[in-house]
Amino acid sequence: MASALTPQQLSETHRPTLDRALDVISTRAYWSPHPEHPKAYGEGGAPGSLGAAEGKAAFDALLGTRLDLGQPGTDGWAGGEVSPYGPELGIEYPHVDPDVLLPAMKAGTAAWRAAGPEIRALVCLEILSRISARTHELAHAVMHTSGQAFMMAFQAGGPHAQDRGLEAVAYAYREQVRTPENADWSKPQGKRDPLKLHKSFITSGRGVALVIGCNTFPTWNGYPGLFASLATGNPVLVKPHPRAVLPLALTVSIAREVLGGAGFDPNLVALAVERPGEGIAKALAVRPEIRIIDYTGSTAFGVWLEENARQAQVYTEKAGVNTIVIDSTDDYRGMLANLAFSLSLYSGQMCTTPQNLLIPRDGIATDDGVKSYDDVVADLSAAVTGLLGDDARASALLGALVNPDVRARLEAAGGLGEVALPSRTVANAEFPDAAVRTPVVVKLDGTKPDDGAAYFSECFGPVSFAVAVESTSAALDLLRRTIREQGAMTVGAYTTSPEVERAVEDVCLDESAQLSLNLTGGVYVNQTAAFSDFHGSGGNPAANAALCDAAFVANRFRVVEVRRQA
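Residue numbers (our numbering): 18 to 583.
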């Protein structure tokens, strides 16, 4: 919009969406205002949005350029992203001096606080609306920084990420308006005049929020913290992963444009990129101005943040060991197909991908007769092979390995045990330099300590372990220990027994892990839907927060009371 954004315009445009979001986080029903089909954008689609050709052209126009955000404190330029599909992006971004940028970010805080929860929420929805209009452009940015295949980059990096951002705004708004803005207080004093005060209750952000982005899902994992902090009155400094800067840089650019257009300081949202080997996240995380941190990534750095950034409220999503308990099933082929897809999607490079499949050594009961441990592993391997047999189909599902570390883990997995399903190289006709590999499945023994060393820690990437256990009871014991000590973002189970189902539920309730039971159709354990599903629980070592619940937003602001004599 060329003209200034007025509160009335914002309300007319976005208040109905906010109201619907507030309703649906209570009902937990399916809803999304962001279309997930590419044809919903451009000509004949969402007004003002870029179509497929326009979005690709916009992305191509960014390559080899310098993205100047007009931020204060710019002291140079940094970049160096190389697509997992091969090409260098060649884009440079502003490198900033935090001693200059951080005070500038705080300068606009008073006006942003005075705007109140509703205007802040509506400005956030305008930002999301403009991001949505550029979904095709952002899809290419996500694809060529994360290695996701295009359709996944389009959906997960576009509408699904936008849904998670809107969800965070809805929770933030709801928590802030629980307390009224004003109250007249009167305390009777018997025969004397009552004591009277006028009280104001003002929501105030904690301070500058730092979002530390991840390589695999820069928008999906970045938007919840970004919008939760901005909606609760905090300036937000976005520090992208050095291999995945572009999606978040575009996001920051759009946010700054909207903030300025709505009469607020654009510096309420800013970008901080790093030069090779600089490691600015550690330095920024302990600065006194930083009062909130959102982080997705390795356990080691997540724990470091929790232990060292004591001045900040820290929200982390770290590594976990996701587990599937296979006890029995009344849809054997459906189970195998569902698991094969879950293991293959985005080459297992999701924090929710199953790693350990716990299978009783004596086998499982199915609608196709009793299947031994070896039968289950062989049939699952065959299901993966069938799913990924065609290279074009495989490329569209697997994407590309995001970095050399994932490839190294995949290649080393064969030395951990008997390989039931070897990985193979997939040729990507469009991007011949892409590293595309099918999953490996390794057979391990749940009673051998040496095997336990392999499956009892996260092996991020397309690596899964079929672990033979003595019984379902032993599987549940191992599941409990795994969640308690290593954490889990997701747990799955297959059983036809009500008693086993209750036992699995009890483990997950005791250890605070999100559970999916008997998935055999088009919903997979590694997928969650905004407004309905919680991503993580905040109750086990894999993450100290859930996307998205009241706890994720409520401690990003304080309520400050001002009392006046009436």
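Where is the CB? At the ideal position from N, CA and C, for every residue including glycine.
Legend entry - Three CB pairs or more closer than 8 Å across the stretch 97-104 and the stretch 153-168: Yes, they touch.
Inset, instruction - Thinking Ala10 and Ala185 are a contact (beta carbons under 8 Å), I'd like their distance in whole angstroms, please. - result: As displayed, the chain neither begins before 18 nor continues past 583, which places residue 10 out of reach and without an answer.
Inset, instruction - Use the C-beta contact count for Leu212: other C-beta atoms within 10 angstroms, 16 or more gives buried, fewer gives exposed. - result: As a first step, residue 212 must be located in the sequence shown, where it is residue number 195. For Leu212, the number of other beta carbons within 10 angstroms of its own is below 16, and it is reported as exposed.
Legend entry - Gln531 burial status per 10 Å Cβ neighbour count (16 or more: buried): Taking the first residue of the sequence shown as position 1, residue 531 is located at position 514. Counting Cβ neighbours within 10 Å, Gln531 comes out buried, since at least 16 surround it.
Legend entry - Simplified DSSP assignment, three categories, for Arg60: Here the question's residue 60 lines up with position 43 in the sequence shown. Note that residue 60 is Glu in the sequence shown, not Arg. In the three-state reduction of the DSSP assignment, Glu60 falls in the coil class, being assigned neither a helical nor a strand state.
Legend entry - C-beta contact flag for Val255 and Leu276 at 8 Å: As a working note, residue 255 is residue 238 in the sequence shown. As a working note, residue 276 is residue 259 in the sequence shown. In this structure, Leu276 does not lie closer than 8 Å to Val255 by Cβ.
Inset, instruction - Would you tell me roughly how many angstroms separate the C-alpha atoms of Gln372 and Ala266, rounded to the nearest one? - result: On the sequence shown, residue 372 is found 355 positions in, with the first residue counted as 1. On the sequence shown, residue 266 is found 249 positions in, with the first residue counted as 1. Using only the alpha carbons, I get a separation of about 32 Å.
Legend entry - Leu374, buried or exposed, once every other Cβ within 10 Å from all chains shown has been counted against 16: By 1-based counting over the sequence shown, the position of residue 374 is 357. Counting Cβ neighbours within 10 Å, Leu374 comes out buried, since at least 16 surround it.
Inset, instruction - Taking Val436 as the reference, give the member of Ser474, Pro466, Lys465 and Val484 with the closest Cα. - result: Taking the sequence shown and counting its residues from 1, one reaches residue 436 at position 419. Measuring from the Cα of Val436, the nearest candidate turns out to be Val484.
Legend entry - C-alpha distance - Pro252 paired with Pro111, whole-angstrom precision: Locating residue 252 in the sequence shown gives position 235, where the first residue counts as 1. Locating residue 111 in the sequence shown gives position 94, where the first residue counts as 1. Going from the Cα of Pro252 to the Cα of Pro111 covers about 18 Å.
Inset, instruction - With a 10 Å radius around its C-beta and 16 neighbouring C-beta atoms as the bar for buried, classify His54 as buried or exposed. - result: Here residue 54 corresponds to residue number 37 of the sequence shown, with the count starting at 1. By the beta-carbon neighbour count (other beta carbons within 10 angstroms, threshold 16), His54 is exposed.
Inset, instruction - With distances taken Cα to Cα, identify the nearest neighbour of Arg181 among Ala121, Gly242 and Met169. - result: Counted from its first residue, the sequence shown places residue 181 at position 164. Considering only alpha carbons, the answer is Gly242.
Inset, instruction - Any chance you could list the alpha helix (DSSP H) runs of at least 4 consecutive residues sitting entirely within the stretch 385-458, in chain order? - result: Fully contained in the stretch 385-458 are the following alpha helix (DSSP H) runs of length 4 or more, in chain order: 390-404, 408-415 and 421-430.
Legend entry - Residue burial classification, Trp237 (beta-carbon count within 10 angstroms, cutoff 16): Residue mapping note: residue 237 aligns to position 220 of the sequence shown, counting from 1. By the 16-neighbour rule on beta-carbons within 10 angstroms, Trp237 is buried.
Inset, instruction - Count the other CB atoms, across all protein chains shown, that sit within 10 Å of the CB of Asp344; report buried if there are 16 or more and exposed otherwise. - result: Taking the first residue of the sequence shown as 1, we reach residue 344 at position 327. It counts as buried.
Legend entry - Exposure of Gly222, with buried meaning 16 or more beta-carbon neighbours within 10 Å: Position 205 of the sequence shown, counting from 1, holds the residue named residue 222. Gly222 should be labelled buried.
Inset, instruction - Just tell me which of Ala75, Trp202 and Asp566 has its CA closest to the CA of Ser549. - result: Along the sequence shown, read from residue 1 onward, the residue named residue 549 stands at position 532. Checked all of Ala75, Trp202 and Asp566; the closest Cα to Ser549 is Asp566.
Inset, instruction - Label Val290 either buried or exposed according to how many other C-beta atoms from any shown protein chain fall within 10 Å of its C-beta, with 16 as the threshold for buried. - result: For the purposes of this step, residue 290 is identified with residue 273 of the sequence shown, where counting begins at 1. So Val290 ends up on the buried side.
Inset, instruction - Could you tell me which residues DSSP puts in a beta bridge with Leu374? - result: For this step, residue 374 is matched to residue 357 along the sequence shown. Partner(s): Ile341 and Ala483.
Inset, instruction - Leaving out five residues on either side along the sequence, give the residues of the same chain with a beta carbon under 6 Å from the beta carbon of Gly230. - result: One-based indexing of the sequence shown puts residue 230 at position 213. Gly239, Pro257, His258 and Leu265, listed in sequence order.
Inset, instruction - Would you decide whether Val286 is buried or exposed? Buried here means 16 or more other CB atoms lie within 10 Å of its CB. - result: Translated into the one-based positions of the sequence shown, residue 286 becomes position 269. The residue in question, Val286, is buried, as its Cβ has 16 or more Cβ neighbours within 10 Å.
Inset, instruction - Report all residues from its chain with a CB closer than 6 Å to the CB of Thr383; omit the five preceding and five following residues, and keep chain order. - result: Stepping through the sequence shown from its first residue, residue 383 is reached at position 366. Answer for Thr383: Thr346 and Tyr349, listed in chain order.
Legend entry - Three CB pairs or more closer than 8 Å across the stretch 189-208 and the stretch 298-317: No: the two stretches stay apart, fewer than three of their Cβ pairs being nearer than 8 Å.
Inset, instruction - Go ahead and pull the three-state DSSP assignment for His177. - result: Mapped onto the sequence shown, residue 177 falls at position 160. In this structure, His177 counts as helix in the three-state DSSP scheme.
Inset, instruction - Decide if Trp129 is buried, meaning its Cβ has at least 16 other Cβ atoms within 10 Å, or exposed. - result: For the purposes of this step, residue 129 is identified with residue 112 of the sequence shown, where counting begins at 1. Counting the other CB atoms within 10 Å of its CB gives Trp129 a total of 16 or more, which places it among the buried residues.
Inset, instruction - Work out the CA separation of Cys368 and Pro50 for me, nearest whole Å. - result: As a working mapping, residue 50 is identified with position 33 in the sequence shown. As a working mapping, residue 368 is identified with position 351 in the sequence shown. Rounded to whole angstroms, Pro50 to Cys368 spans 25 Å at the Cα level.
Inset, instruction - Could you pull the start and end residues of the beta strand (DSSP E) that Arg83 belongs to? - result: Taking the first residue of the sequence shown as position 1, residue 83 is located at position 66. The continuous stretches of beta strand (DSSP E) do not include Arg83, and DSSP gives it neither H nor E.
Inset, instruction - Note the first and the last residue of the continuous alpha helix (DSSP H) segment covering Leu247. - result: As a first step, residue 247 must be located in the sequence shown, where it is residue number 230. Element bounds for Leu247: Tyr240 to Ala248.
Legend entry - CA-to-CA distance, Ile307 to Ile500, given in whole angstroms: Position 483 of the sequence shown, counted from the start, is the residue given in the question as residue 500. Position 290 of the sequence shown, counted from the start, is the residue given in the question as residue 307. Near 31 Å, if we compare the C-alpha coordinates of Ile307 and Ile500.
Legend entry - Inter-residue Cα distance where the pair is Gly504 and Gln582: In the sequence shown, residue 504 corresponds to position 487, counting from 1. In the sequence shown, residue 582 corresponds to position 565, counting from 1. Answer to the nearest angstrom: the Cα atoms are 52 Å apart.
Inset, instruction - Go through its chain and collect everything with a Cβ distance to Pro24's Cβ below 7 Å, but skip five positions before and after it. - result: Counted from its first residue, the sequence shown places residue 24 at position 7. Taking Pro24 as the centre and dropping the five residues before and after it, the same chain places the C-beta of Ile136 closer than 7 Å to its C-beta, in chain order.
Legend entry - Gly553 beta carbon less than 8 Å from that of Ala562: Reading the sequence shown from its first residue, position 545 is the one you call residue 562. Reading the sequence shown from its first residue, position 536 is the one you call residue 553. The answer is yes: Cβ separation under 8 Å.
Legend entry - Beta-carbon spacing of Ala329, Ile297 below 8 Å: By one-based count along the sequence shown, residue 329 stands at place 312. By one-based count along the sequence shown, residue 297 stands at place 280. Not in contact: Ala329 and Ile297 (Cβ atoms no closer than 8 Å).
Inset, instruction - Please state whether DSSP places Lys208 in a helix, a strand or coil. - result: Translated into positions along the sequence shown, residue 208 becomes position 191. If DSSP states are grouped into helix, strand and coil, Lys208 belongs with coil.
Legend entry - Host alpha helix (DSSP H) of Lys299 (start-end): One-based indexing of the sequence shown puts residue 299 at position 282. It spans Ile297 to Ala302 - the alpha helix (DSSP H) in which Lys299 sits, taken as one unbroken run.
Inset, instruction - Could you check the C-alpha separation between Arg424 and Leu433 for me, to the nearest Å? - result: As a working mapping, residue 424 is identified with position 407 in the sequence shown. As a working mapping, residue 433 is identified with position 416 in the sequence shown. Between the C-alpha atoms of Arg424 and Leu433 there is a straight-line separation of about 15 Å.
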